[in-house]
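Scroll down for the structure; my scribbles are underneath it.
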Amino acid sequence: MSILQANRWEEILTSLLATGKELGLSDEFVSSLIEAIHIESIQHQSKKMNQSED
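The sequence shown begins at 68 in this note's numbering and counts up one residue at a time.
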């Protein structure tokens, strides 16, 4: 299974942008926050997968 699932990522981002808008948050803020979390998550998952291969 691929770490990055593009279609799922788009669904999540769209949903979180809508939720952020309901809370009065800018799209820019929500996108930046989610992107940072996403990058960190991918790094952790990659590290785990690489440890499993050793």
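Cβ coordinates follow ideal geometry from the N, Cα and C atoms, glycine included.
Under the three-state DSSP convention, the category residue i falls into
i: serine 93; result: coil
i: glutamine 72; result: coil
beta-carbon residue i near the ligand SAH non-hydrogen atom, thresh 7 Å
i: alanine 103; result: Questions concerning the ligand SAH fall outside what the structure shown contains, since it holds no ligand whatsoever.
Residue from the options with nearest C-alpha to residue i
i: aspartate 94; options: His105, Lys115 and Leu80; result: Leu80
i: tryptophan 76; options: Met116, Ser113 and Ser108; result: Ser108
Beta carbon proximity, residue i to chain C, threshold 8 Å
i: glycine 87; result: Of the protein chains in the structure, only one exists, and it is not chain C.
If we count Cβ pairs, one from each stretch, closer than 8 Å, do we get three or more for the segment 71–84 versus the segment 98–105?
Using a Cβ-Cβ distance cut-off of 8 Å, the segment 71–84 and the segment 98–105 are in contact, since at least three pairs of beta carbons, one from each stretch, lie closer than that value.
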